[in-house]
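Accompanying notes for the structure given below.
In this note's numbering, the protein residues as written are 689 to 1037.
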């Protein structure tokens, strides 16, 4: 019973979330490490059994986490009646499916805030479908921040020992430049440092990227490094954080892969996402398929644990049974690690 309960949202039902969830829970070792609970419409999970050809697995419908069996061979589903199966189809932007994905996220946050699940893991949602359903958020991170009342938070992406966090994410590039301010950069450095400590890294080295090419080249290509980023780094150092930079972004990630930094603070969305997906997403051009879609998205600064897949809904091949579950497995592993660490800290206190 010491295994943490993971609340796993099904994501947009028109996407790959239900099928990769079934694939992930087809591994008996998962149940040795955690108690997985799927939050979603049981009709979608039942069809995912068909899509993935897993007739040996059973479904167990529950109304609350305490009713779960948490035994390999049976997938516990906290059922929310969200999908009209007569109107459902895979691979399409649909407000019904956008609402379903949103309601699952809202429910799992409520469960975590109430202490009924130890960590939350999210499958991909479609932002257009969610907004068409009337839920006007830019993504999971903003939903979590809103419903947990969190002001200071950031996104961390991780693949093996490469970790990146962001000063800004789902905004235009023009707006992202305007958001590079000392206080925000300092907040993200602090959050990054704390996250590494929580992952068991005793003396984290926090690399901090510049915004401009060559980290501004002493002001030749911009002054954000001089006026905003460097002062944040100096303040972090004064607080005892090993913050290093501003780093030229074009070499920072190669150095991070080489062990120079435990985590890298990035100034905007793609500065962090591109290197993570280059190493985590592996396409086999000879076979015409993805060999790996790996990586984890973790929201830091929240009062609850949230880890997620680092990919989209894969509408292009949803419902065909070919989706790769590796990113979800990685997200579950991160959630388990963080939940166990949180329990250990609570036990010491």
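By construction, the Cβ of each residue, glycine as well, lies at the ideal position given by its N, Cα and C atoms.
Item, Value
"8 angstroms contact criterion, which residue 1024 and residue 723 should meet: CB distance rounded", "10 angstroms between Cβ atoms; not a contact."
"Backbone secondary structure at residue 773 - three-state DSSP", "helix"
"Buried or exposed (CB count within 10 angstroms, at least 16 for buried), residue 814", "buried"
"Extent of the continuous alpha helix (DSSP H) to which residue 797 belongs", "783–801"
"Residue(s) in a DSSP beta bridge with residue 843", "987"
"Own chain partners of residue 790 with C-beta closer than 6 angstroms, once the 5 adjacent residues on each side are dropped", "818 and 823"
"Under the three-state DSSP convention, the category residue 1018 falls into", "helix"
"Coarse secondary structure for residue 870, derived from DSSP in three states", "helix"
"Touching by the beta-carbon criterion (3+ pairs, under 8 angstroms), the region 865–874 and the region 825–836", "no"
"Short Cβ contact (8 angstroms threshold) for residue 923 with residue 893", "no"
"Validate contact between the region 774–791 and the region 698–712 using beta carbons, cut 8 angstroms, 3 pairs", "yes"
"Whole-angstrom distance between residue 850 and residue 946, CA atom to CA atom", "9 angstroms"
"N-terminal and C-terminal residue of the alpha helix (DSSP H) that residue 831 is part of", "828–836"
"Residue burial classification, residue 982 (beta-carbon count within 10 angstroms, cutoff 16)", "buried"
"When 843, 728 and 882 are compared against residue 707, the one with the closest alpha-carbon", "728"
"Rounded separation between residue 974 and residue 961 - CA only", "25 angstroms"
"Sufficient close CB pairs (3 or more, under 8 angstroms) joining the region 757–777 to the region 991–1004", "no"
"Closest by C-alpha distance to residue 693, when choosing among 716, 726, 732 and 699", "726"
"From 949, 785, 940 and 797, residue whose alpha carbon lies closest to that of residue 899", "940"
"Within the region 932–971, ranges of the beta strand (DSSP E) (whole runs, at least 3 residues)", "951–954"
"For residue 980: DSSP bridge partner residues", "970"
"One or two residues paired with residue 895 in a DSSP bridge", "932 and 952"
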